[in-house]
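What follows is a single structure, written as structure tokens, with notes after it.
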Ligand SMILES: Cc1ncc(C[n+]2csc(CCOP(=O)(O)OP(=O)(O)O)c2C)c(N)n1
Ligand SMILES: [Mg+2]
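Residue numbers (our numbering), protein chains in the order written: chain A, 234 to 824; chain B, 46 to 235.
Spelled out as structure tokens, the structure:
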């Protein structure tokens, strides 16, 4: 193309670079420092802009979009308060390794540092909560930086990036360079294929295991659909039992015969006991988070550990591994499956005793809860929601709290990218905007945010966005009138003194929905639940479903603070007294 | 990982750290771009690692590369974390633990040098004594009048510290130190 044609303004470059990187949707909110970009947005039709109601919402929408599609989510916000409002979502994406490209407006370069109107040190504020960030001071660097931003957000361990663009750079004219297949960057070269010798050693160790376990995580989902397929093959070939973190649900199907349920603080008894007693642990794309390991000095004391991760800093960070394989999960699994096939080891009989023990743990039925015909038990509500939506093309997001854990325990995920929840940061207010982002990418699918009565109030303003763009997201609130998870901890740790965890002056959610132009449904009887859920699913537009559930139900099983995997509090043992004494003085100081 | 420094208050970092901390010198090759030093320092403060000395300067102008030398003290596990966390920073090209490298090369420790400027004011006996000791330490006088000297001294950290402590009673006024520059012996590059 002639050089002349590639000359354009910074604002035009932004749009061109987004198109060249395959962007179809962006989530944003205008303001003084991004008006030139908004002006360009107005004059084109390739990229659809979703106008949010708060920049945090834009960030979470982009996260939901990214997690359900595997593509990066793109955010556009103004300087100052626009940028600071998006910080929560950036940190959320950093902790859960979600690819986001966030463009922020900045005051003109000549005013930077002068405390100008709506100035803030965006790159300074976002440095610790992004994978990388840039302040673009020269319009001729703008296109290269945006292309680099996409590459860094989406490759290696994915994460959020920020490109801060001063207003004068948006107006300035310069030369646009298209994305180049040749990577000029010399630093940052993520390694995707694993060391074959280590993979061989891992296979040998796995072949001798008598009590193996696969513990998989969000890295499998991030690696792409192929990785989940390969994980399924590996499980099939080896006959190993498998558990997963909150982030990894769906990589292996919940209906699969080797599935043990989620592990960790609110994981199943069988998953945690098997983690504790195993002799070989294969950790695939997970990072030994503290919600997973429980007490570290008692964590799986007798096992050899294999850890596959794309991030070298995750290996040996928390738990020493015997074989650490650095590489993309998908690539490494491909090698593993191939090598296992070549070894022709198909006999699983040496695992028979292990499976017998697992069956005994399973029989303990750790997810049991008391049946109630008068009030809706929250677990029952999720079970019914699952039964009535599982045969549809459904995506689930959640907020943070007890409802999130019940969703993870009782909703069965069969496929990857169908489950979006804030794992690392635990951000209340994540689920609803995330659901909107999912719906933008999947207009005809059923997208449900399983919410809590407190969490939903953190980003409820986005209902206005859902109505505007006819995004028929369903908000399914397990309304227990409490910040249930906070109350549960206060019961466990603080002598049942329920300091500020009761939600007073709760809004009327049905009226709230109507005020926004959405539909409100309320249900408080188990007998009415199925009909009400069906009505929700069949409603064309967005719905708030106010599901009144047992107020004081708690989430079990649970590994109380400071306890090991084999020291779980099970639902049938969780008497008031057991709850009050579950955590000793030392554990009380912990989070 | 930083349990040895302070309890993090998390249920799951309760294991008391028993390994002994070691002092290592790291060389970090980075793109010389705005904010890169802030990224490195932010990593150390954000994750609770400590910095005992830090120096930075552009070393290859055409390639826009800077070399950062960091001296840090941590347990072996944390040192491994520091190294991989540094490698995660996008403009970081390479991280070499010079202390580990020198052991591999069969040396005691890497070569480490520091430069200091030291201002001493005084008269009479003290002044004569200061000049005499400076000579013994091979410190140069780079500025002087009848009331003061400014000495320039280079050498190992221990030498500089010793020199400073000797100057203290002799009228020490001001100290400026560069921090450590370090490199391994032998013909190989980092
Ligand atoms: C932004 C934010 N603030 C505070 C918390 C701490 N927190 C965790 S769960 C929770 C209560 C959630 O209540 P609700 O949404 O009603 O869910 P429930 O536990 O009742 O199901 C709180 C306050 C958080 N996770 N995120
Ligand atoms: Mg609640």
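All residues carry an ideal CB built from backbone N, CA and C; glycine is no exception. The structure presented is a predicted model; accordingly, all values stated were derived computationally and were not measured.
| Check | Outcome |
| --- | --- |
| Just to make sure I have the definition right: I need the residues of chain A whose C-beta is within less than 9 Å of the C-beta of residue 122 of chain B. Which are they? | 549, 550, 553 |
| Using the beta-carbon of each residue, which ones in chain E are nearer than 9 Å to residue 137 of chain B? | Among the chains of the structure shown, chain E does not appear; the protein chains present are A and B. |
| Skipping 5 residues on each side, what residues in its chain have a beta carbon closer than 7 Å to that of residue 527 of chain A? | 792, 796, 797, 798 |
| Would you mind working out which of B/139, B/120, B/97 sits nearest residue 65 of chain B, comparing C-alpha positions? | B/120 |
| Buried or exposed for residue 441 of chain A, please, with buried defined as at least 16 other CB atoms from any protein chain shown within 10 angstroms of its CB. | exposed |
| Kindly indicate the opening and closing residues of the beta strand (DSSP E) around residue 477 of chain A. | 475 to 477 |
| Compare the C-beta of residue 738 of chain A against all C-beta atoms of chain B and say whether one is closer than 7 Å. | no |
| Kindly examine ligand 1 and report whether one of its heavy atoms sits closer than 6 Å to the Cβ of residue 787 of chain A. | no |
| For residue 366 of chain A, verify whether its CB is less than 6 Å away from any heavy atom of ligand 2. | no |
| Within the same chain, show all residues whose beta-carbon is closer than 6 Å to that of residue 136 of chain B, passing over the 5 residues directly before and after it, in chain order. | 75, 76, 78, 81 |
| So is residue 417 of chain A buried or exposed if we call it buried at 16+ other beta carbons inside 10 Å? | exposed |
| Please state if the CB of residue 229 of chain B and the CB of residue 131 of chain B are separated by a distance shorter than 7 Å. | no |
| What residues in its chain sit with their C-beta under 8 Å from that of residue 468 of chain A, if we drop five residues either side in the sequence? | 447, 475, 485, 489, 491 |
| Taking the CB atoms as reference points, tell me whether residue 123 of chain B and residue 97 of chain B lie closer together than 7 Å. | no |
| Quick check: the Cα distance between residue 473 of chain A and residue 627 of chain A, rounded to an integer number of angstroms? | 29 Å |
| Residues of chain A with a CB under 9 Å from the CB of residue 222 of chain B: which are they? | Chain A residues near residue 222 of chain B: none, gap ~27 Å exceeds 9 Å. |
| Using the Cβ count rule (16 or more neighbours within 10 Å means buried), how would you classify residue 185 of chain B? | exposed |
| Could you say which of A/345, A/261, A/257 lies nearest to residue 302 of chain A if we only look at CA atoms? | A/257 |
| Would the beta-carbon of residue 736 of chain A fall within 7 Å of that of residue 684 of chain A? | no |
| Within the segment 614 to 696 of chain A, note down every full alpha helix (DSSP H) run reaching 4 residues or more, in order along the chain. | 635 to 643, 664 to 674 |
| Nearest CA to the CA of residue 525 of chain A: which residue from A/801, A/811, A/808, A/341? | A/801 |
| Interface residues of chain A around residue 129 of chain B at Cβ under 7 Å? | 545, 546 |
| Would you say residue 269 of chain A faces chain B, with C-beta separation under 7 Å as the test? | no |
| Please determine if the segment 621 to 636 of chain A and the segment 650 to 664 of chain A are in contact, where contact requires at least 3 C-beta pairs separated by less than 8 Å. | yes |
| Among A/352, A/646, A/259, which has the Cα closest to the Cα of residue 293 of chain A? | A/259 |
| Taking the CB atoms as reference points, tell me whether residue 316 of chain A and residue 337 of chain A lie closer together than 7 Å. | yes |
| Are the segment 307 to 325 of chain A and the segment 264 to 278 of chain A touching by the rule of at least three beta carbon pairs closer than 8 Å? | yes |
| Do residue 665 of chain A and residue 698 of chain A come within 7 Å of each other at the CB atom, strictly closer than that value? | no |
| Thinking residue 225 of chain A and residue 298 of chain A are a contact (beta carbons under 8 Å), I'd like their distance in whole angstroms, please. | With chain A covering 234 to 824 only, the question about residue 225 of chain A has no answer from this structure. |
| For residue 73 of chain B, decide whether its Cβ has a neighbour in chain A, counting only Cβ atoms nearer than 7 Å. | no |
| Answer yes or no: the CB of residue 715 of chain A versus the heavy atoms of ligand 1, is any distance below 6 Å? | yes |
| Of all Cβ atoms in chain A, is any one closer than 7 Å to the Cβ of residue 93 of chain B? | no |
| Per DSSP, residue 335 of chain A is paired with what? | A/308, A/395 |
| Under 7 Å between the Cβ atoms of residue 70 of chain B and residue 159 of chain B? | no |
| Indicate the three-state DSSP secondary structure (helix, strand or coil) for residue 735 of chain A in the structure shown. | strand |
| Report yes if the C-beta distance between residue 565 of chain A and residue 558 of chain A is below 7 Å; otherwise report no. | yes |
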